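J.: Below you'll find the structure I mean.
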Ligand code: F6R
């Protein structure tokens, strides 16, 4: 893996958005879909802002873009403002020309008896499109990518998981208390993420410094699932000074 350190999350986000825009245009020029794996949370917000700006001011079109979001709380209604469905529409999809049928976000309303089949279908849909061309990631303090919490297998696929306590603590403020944070989620697996042709992980701020040190410099372990990225041949960690402050 490869690290790039920027003076601010703003600068790093603009570079990442430009890489995504180039990929979209390159695929469009050869009439191909551009298959993007997307993340929610605070880390990618400025990347989406820049993509929306490029759509508005530079004519960047999302007509050939197909997206797969990493995860969704379970259970979770789409119209709930805490949902990742809501987040993605608010930050990106409502502001660009992506076709609604090209948006894929794990559905937090699937009945529990249908979940297993639903997750297999989500995984197959990605494979049928030729896999993810680009995967955008954030990282949780537990070392999760997507919601692959400690203990996740490196070959795991899309599935229903139990959120780690620390992850629920970190989400508590946006849910107005930990008791309101769902205990479960649907997430793409580590295997799903690792199959992406290109991965960019965003890490901003001193809160992420410790887990990023373990992820980048520690030994590969299921206890810090992000360490599995060390074995991916085309991953870049895009960090700011705070997030990189514990690296040797
Ligand atoms: C979100 C996701 C999570 C977040 C991580 C960091 O779709 O999959 O892995 O990327 O929890 O969250 P923030 O960016 O809010 O610090």
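Numbering (full-length UniProt numbering), first residue to last: 22 to 269. Glycine included, every Cβ here is placed at the ideal spot set by N, Cα and C. Remember, predicted model here, so these are calculated numbers, not experimental data.
1. Which partner residues of residue 224 appear in the DSSP bridge assignment?
2. Is it the case that the Cβ atoms of residue 177 and residue 152 are separated by a distance below 8 angstroms?
3. Counting Cβ pairs closer than 8 angstroms, one from the segment 187-202 and one from the segment 122-134, do we hit at least three?
4. Distance, Cα to Cα, residue 48 vs residue 199?
5. Can you tell me the Cα-Cα spacing of residue 85 and residue 41, whole angstroms?
6. Hey, residue 92 and residue 168: beta-carbon distance below 8 angstroms or not?
7. In chain order, what residues place their C-beta within less than 5 angstroms of a heavy atom belonging to the ligand F6R?
8. Below 8 angstroms between beta carbons: does that hold for residue 73 and residue 117?
9. Assess, as a yes-or-no matter, whether the segment 152-165 is touched by the segment 103-121 under the definition of 3 or more beta carbon pairs within less than 8 angstroms.
10. Between the beta-carbon of residue 23 and the beta-carbon of residue 269, is there less than 8 angstroms?
11. By Cβ distance below 7 angstroms, which residues in the same chain neighbour residue 66 in space, the five residues on each side in sequence not counted?
12. Give the straight-line distance between the Cα atoms of residue 240 and residue 248, rounded to the nearest whole angstrom.
13. CB-CB under 6 angstroms to residue 144, same chain, minus the five flanking residues each way: which ones, in chain order?
14. Mapping the DSSP letters down to three states, classify residue 117 as helix, strand or coil.
15. Return the Cβ separation of residue 230 and residue 264 in integer angstroms, given the expectation that the two are a contact with Cβ distance under 8 angstroms.
16. For residue 157 versus residue 60, is the C-beta spacing smaller than 8 angstroms?
17. Looking only at its chain, what residues have a beta carbon closer than 6 angstroms to the beta carbon of residue 212, apart from the 5 residues adjacent to it on each side?
18. Here's a check: name, in chain order, each residue in its chain whose Cβ is nearer than 6 angstroms to the Cβ of residue 119, leaving out the five neighbours to either side.
19. Would you give the residue range spanned by the beta strand (DSSP E) that residue 57 belongs to?
20. Here's the rule I'm using: 16 or more other beta-carbon atoms within 10 Å means buried, otherwise exposed. How should residue 170 be labelled?
21. Using 10 angstroms around the beta-carbon of residue 71, count the other beta-carbons present and answer buried if the total reaches 16, otherwise exposed.
22. Would residue 261 be called buried (16 or more neighbouring beta carbons within 10 Å of its own) or exposed?
23. Please work out which residues of its chain come closer than 6 angstroms, Cβ to Cβ, to residue 68, disregarding the five sequence neighbours upstream and downstream, and give them in chain order.
24. In terms of residue numbering, what span does the beta strand (DSSP E) encompassing residue 236 cover?
T.: For this structure:
1. Looking at the DSSP assignment, residue 224 forms a beta bridge with 260.
2. A distance of 8 angstroms or more separates the beta carbons of residue 177 and residue 152.
3. No contact exists between the segment 187-202 and the segment 122-134.
4. One alpha carbon belongs to residue 48, the other to residue 199, and they sit about 43 angstroms apart.
5. Cα-Cα distance, rounded: 13 angstroms.
6. Yes, Cβ-Cβ distance for residue 92 and residue 168 is below 8 angstroms.
7. Per the Cβ criterion, the list is 60, 61, 62, 63, 64, 91, 92, 159, 161, 167.
8. Cβ distance < 8 angstroms, so residue 73 and residue 117 count as in contact.
9. The segment 103-121 makes no contact with the segment 152-165, as fewer than three CB pairs between them are under 8 angstroms.
10. Cβ atoms of residue 23 and residue 269: not closer than 8 angstroms.
11. Closer than 7 angstroms at Cβ, skipping near neighbours: 112.
12. If you take the alpha carbons of residue 240 and residue 248, they lie about 7 angstroms apart.
13. If we look at residue 144 and ignore the five residues flanking it on each side, its Cβ neighbours are 178, 179.
14. Here DSSP, grouped into helix, strand and coil, assigns residue 117 to coil.
15. Right, their Cβ atoms sit about 6 angstroms apart.
16. If you check the CB distance, residue 157 and residue 60 come in under 8 angstroms.
17. Answer for residue 212: 176, 177, 178, listed in chain order.
18. Taken in chain order, the residues that qualify are 83, 86.
19. Taken as a continuous stretch (DSSP letters only), the beta strand (DSSP E) holding residue 57 covers 55-59.
20. Burial check for residue 170: the Cβ neighbour count within 10 Å reaches 16 or more, so the residue is buried.
21. When all chains shown are included, residue 71 counts as buried.
22. That one is buried.
23. Hits under 6 angstroms: 34, 37, 38.
24. Not the beta strand (DSSP E): residue 236 falls in the alpha helix (DSSP H), residues 230-238.
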